[in-house]
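In what follows, a structure is listed as structure tokens, so that the remarks can point back to it.
In my numbering, the protein residues as written are 1051 to 1364.
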């Protein structure tokens, strides 16, 4: 085997590795979109995150503790906690035995995966049956009558797709058949409102003298040549790698542009460290996120001074 053969094999391995990384990134971003849709369906008001494959739900407050949902196992836990908010909010749910609630939540989570075209991971499916089984034993010990449908589910004899009155027809709002339209509609609403605001102020947004989009992707790209695509676009609240090249979103800047005054108002960015794109990205991101306004308020200034004082003291 000559050197050229080794080079060809090396190139093939690199291509395979690059394709696998791209596939993982695409899957991660789609899981994130599905996670946001699941939370929107359930009306979640607060999502506390952690890295454990476990979760909690405060149904009446519409709050959950669950992983971010960037893998299928994480997404299953998130769907389970969303189920409690959808199904077990209100006084009637208080009297339901625990094993019935958990059977309903597992059924909801399985059906959520079915709606979004995902396969439930085998480990999550086993965990679901075991978890319902644990609640059955607990409720039996407390003298509570056991639902035969929950028993069959725990034994693997009942499919989560079989009719279950408490879960049938849930959630009332189903975004699974319109996931892409759901995302694009929100983006289009933002674009239309921004255009209307600029028109009211008598401003025109030219395509020659402004940076494309919100410059978030440029900001991350300047910080890391490899990991910039893992950032979140500030204009569309999705992965920069997806928003930047998608015509329905940023489209490399054709779909959204910042206020023209940003470049003048935040000229202080030129005095910060880093390259031009990094400074410009910092300035625009600060403006969009509201950090600049916070820093300009008296309360914000005093807080910054206190932080600076503590830093110097340390």
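Glycine is no exception: its CB is placed at the ideal position from the N, C-alpha and C atoms.
Hey, would you say residue 1123 sits closer than 8 Å to residue 1171, going by beta carbons?
Yes; because the gap between Cβ atoms is below 8 Å, this pair is in contact.
Ranges of the alpha helix (DSSP H) found wholly within the stretch 1141-1208, counting only runs of at least 4
You should have 1141-1144, 1148-1165, 1172-1191 and 1198-1204.
Distance between residue 1183 and residue 1104 (C-alpha atoms, nearest Å)
C-alpha of residue 1104 to C-alpha of residue 1183: approximately 17 Å in a straight line.
Please state whether the Cβ-Cβ distance between residue 1120 and residue 1158 is less than 8 Å.
If you check the CB distance, residue 1120 and residue 1158 do not come in under 8 Å.
Out of 1142, 1071, 1290 and 1174, which has the shortest C-alpha to C-alpha gap to residue 1156?
That would be 1174, whose Cα lies nearest to the Cα of residue 1156.
Residue 1099, enclosing beta strand (DSSP E) - first and last residue
That run of the beta strand (DSSP E) goes 1096-1099.
Among the residues of its own chain, which have a CB less than 6 Å from the CB of residue 1226, if the five just before and after it don't count?
Leaving aside the five residues that flank residue 1226 on each side, the residues in its chain whose CB is nearer than 6 Å to its CB run, in chain order, 1165 and 1166.
Verify whether the separation of the beta carbon atoms of residue 1135 and residue 1094 is less than 8 Å.
Between residue 1135 and residue 1094, the CB-CB gap stays under 8 Å.
Please report the straight-line C-alpha distance between residue 1289 and residue 1193, rounded to a whole angstrom.
Spanning the two alpha carbons is a distance of roughly 50 Å.
Is residue 1214 helix, strand or coil when you go by DSSP?
The three-state reading of DSSP puts residue 1214 in coil, since its state is none of H, G, I, E or B.
Are the stretch 1103-1117 and the stretch 1135-1150 touching by the rule of at least three beta carbon pairs closer than 8 Å?
Touching, per the Cβ criterion.
Taking DSSP as the reference, what is the three-state secondary structure of residue 1102?
The answer is coil: DSSP assigns residue 1102 none of H, G, I, E or B.
DSSP three-state call for residue 1288: helix, strand or coil?
DSSP places residue 1288 outside both helix and strand once states are collapsed to three, so it counts as coil.
Would residue 1149 and residue 1212 qualify as a contact pair, given that the criterion is a beta-carbon distance under 8 Å?
No, they are not a contact pair.
Name the residue from 1113, 1169 and 1098 whose alpha carbon lies nearest to the alpha carbon of residue 1092.
Per the Cα distances, 1113.
Under 8 Å by Cβ, that's how I've got residue 1217 and residue 1161 pegged, so tell me the actual separation to the nearest angstrom.
Confirmed, about 7 Å.
Along the chain, where does the beta strand (DSSP E) that runs through residue 1112 open and close?
Annotation: residue 1112 is outside any beta strand (DSSP E) and is labelled neither H nor E by DSSP.
Cβ pair residue 1133, residue 1154 closer than 8 Å
Yes.
With 16 as the cutoff for other CB atoms within 10 Å, does residue 1185 come out buried or exposed?
Per the 10 Å Cβ criterion, buried.
For residue 1339, is the classification buried or exposed, using 16 other Cβ atoms within 10 angstroms of its Cβ as the cut-off for buried?
With a pLDDT of 49 at residue 1339, under the threshold of 50, the modelled position of this residue cannot be trusted; read the value that follows with caution. Exposed, by the Cβ-count rule.
Span of the alpha helix (DSSP H) holding residue 1120?
Boundaries for residue 1120: no alpha helix (DSSP H) harbours it, and the DSSP string shows neither H nor E there.
What does DSSP give as the partner residues of residue 1282 in its beta bridges?
In the DSSP output, where bridge partners are listed per residue, residue 1282 has 1289.
Contacts around residue 1168, its chain only, beta-carbon distance under 8 Å, and the 5 residues preceding and following it disregarded
The beta carbon of residue 1168 sits closer than 8 Å to those of 1084, 1122 and 1125, all from its chain and outside the five residues before and after it, given in chain order.
Residue 1260 versus residue 1079 - alpha carbon distance:
Only weak support exists for where residue 1260 lies, its pLDDT of 37 falling under 50; the coordinates are left without a value.
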